[in-house]
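Undergrad: Our numbering puts the last residue of the sequence shown at 209; the count rises by one with no breaks. Ideal placement from N, C-alpha and C gives every residue a C-beta, glycine not left out. Quick one: the structure is below, and I'll ask about it shortly.
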Amino acid sequence: MAPGRLMCNCLSDSGIEVQNPKMKPTLLLLGLSGLSLLAGCARSDVTTNALAATPSTTAQTNMTKITKTDQEWQKQLTPEQYRIARKHGTERAFSGQYWNNHEKGIYRCVACDLELFASDTKFDSGTGWPSFHTPIADHVGTSEDNTLFMRRTEVHCARCDSHLGHVFDDGPKPTGLRYCINSAALKFEKR
Numbered sequence: 019m020a021p022g023r024l025m026c027n028c029l030s031d032s033g034i035e036v037q038n039p040k041m042k043p044t045l046l047l048l049g050l051s052g053l054s055l056l057a058g059c060a061r062s063d064v065t066t067n068a069l070a071a072t073p074s075t076t077a078q079t080n081m082t083k084i085t086k087t088d089q090e091w092q093k094q095l096t097p098e099q100y101r102i103a104r105k106h107g108t109e110r111a112f113s114g115q116y117w118n119n120h121e122k123g124i125y126r127c128v129a130c131d132l133e134l135f136a137s138d139t140k141f142d143s144g145t146g147w148p149s150f151h152t153p154i155a156d157h158v159g160t161s162e163d164n165t166l167f168m169r170r171t172e173v174h175c176a177r178c179d180s181h182l183g184h185v186f187d188d189g190p191k192p193t194g195l196r197y198c199i200n201s202a203a204l205k206f207e208k209r
């Protein structure tokens, strides 16, 4: 083996040992990609009390729940929107449409059009996802999420239950919360 080359001895489909010089760098890149994804959405111990004590922007809260079949959601949403909003996916950091949006307006649920966050509650968290410190009152719900070997607090639309992202307790004042939201779960209305 040449100095400085990474080699991996692997079994081929026929059971013969082969050397694969690209195996370790590929595994390293996959591992680093996974870590960077988790860095923005790390462990969250946001308590129900902390969420309940959070001031919200005001809005009309009398709403009817929206329920559709998976087939109906798939017809309405793009494949990426469906993967994120209905199947609890996560987009790559710094890849979403709104992470760096600085225009004034309202962020709505991509699935049911409910107003979720005002642009004046958005801040740059450095994570690569749109981040907000305060949701519109009663328009965002939460639930416990124990996937990916972590305990986090999931954020979903209160009207259609679409997955939006997660909430963490490392945000700025006035709430101290960071609603880390996927762009694919949002649509923006400029005002």
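By a C-beta neighbour count over all protein chains shown, 10 Å radius and 16 as the cutoff for buried, is E162 buried or exposed?
TA: The residue labelled residue 162 in the question sits at position 144 within the sequence shown. E162 should be labelled exposed.
Undergrad: Could you give the distance in angstroms between the alpha-carbon of G189 and the alpha-carbon of I199?
TA: Residue mapping note: residue 189 aligns to position 171 of the sequence shown, counting from 1. Residue mapping note: residue 199 aligns to position 181 of the sequence shown, counting from 1. Computed Cα separation, rounded: 13 Å.
Undergrad: With a 10 Å radius around its C-beta and 16 neighbouring C-beta atoms as the bar for buried, classify G144 as buried or exposed.
TA: Stepping through the sequence shown from its first residue, residue 144 is reached at position 126. Answer is exposed; the Cβ neighbour count stays below 16.
Undergrad: What did DSSP end up calling I201 once you bin it into helix, strand or coil?
TA: Counting from one through the sequence shown, the residue named residue 201 turns up at place 183. Here residue 201 is Ser; the residue named in the question, Ile, does not match the sequence. Here S201 sits in helix by DSSP.
Undergrad: Helix, strand or coil: which one does DSSP assign to E109?
TA: One-based indexing of the sequence shown puts residue 109 at position 91. E109: coil per DSSP, three-state reduction.
Undergrad: Find out if the Cβ-Cβ distance for the pair I102, A203 is shorter than 8 Å.
TA: By 1-based counting over the sequence shown, the position of residue 102 is 84. By 1-based counting over the sequence shown, the position of residue 203 is 185. Yes, the Cβ-Cβ distance between I102 and A203 is below 8 Å.
Undergrad: In its own chain, which residues sit with a C-beta less than 7 Å from the C-beta of S113, not counting the 5 before and 5 after it?
TA: Position 95 of the sequence shown holds residue 113. Around S113: no qualifying Cβ.
Undergrad: Starting from R170, follow the beta strand (DSSP E) in both directions and report where the run begins and ends.
TA: In the sequence shown, the residue the question calls residue 170 occupies position 152. First-last of the beta strand (DSSP E) with R170: 170 to 175.
Undergrad: With contact counted as at least three CB pairs below 8 Å, one residue from each stretch, are the region 88 to 102 and the region 146 to 166 in contact?
TA: As far as the Cβ criterion goes, the region 88 to 102 does not touch the region 146 to 166, which means the pair count is below three.
Undergrad: Give the straight-line distance between the Cα atoms of K122 and R169, rounded to the nearest whole angstrom.
TA: The count along the sequence shown starts at 1 and reaches residue 122 at position 104. The count along the sequence shown starts at 1 and reaches residue 169 at position 151. Each residue's alpha carbon lies about 33 Å from the other.
Undergrad: Helix, strand or coil for E136? Go by DSSP, reduced to three states.
TA: For the purposes of this step, residue 136 is identified with residue 118 of the sequence shown, where counting begins at 1. It is Ala, not Glu, that sits at residue 136 in the sequence shown. Of the three classes helix, strand and coil, the one that applies to A136 here is strand, per DSSP.
Undergrad: In the DSSP assignment, find the beta strand (DSSP E) that holds E90 and state where it starts and stops.
TA: Locating residue 90 in the sequence shown gives position 72, where the first residue counts as 1. Here E90 belongs to no beta strand (DSSP E); instead the alpha helix (DSSP H) covers 88 to 94.
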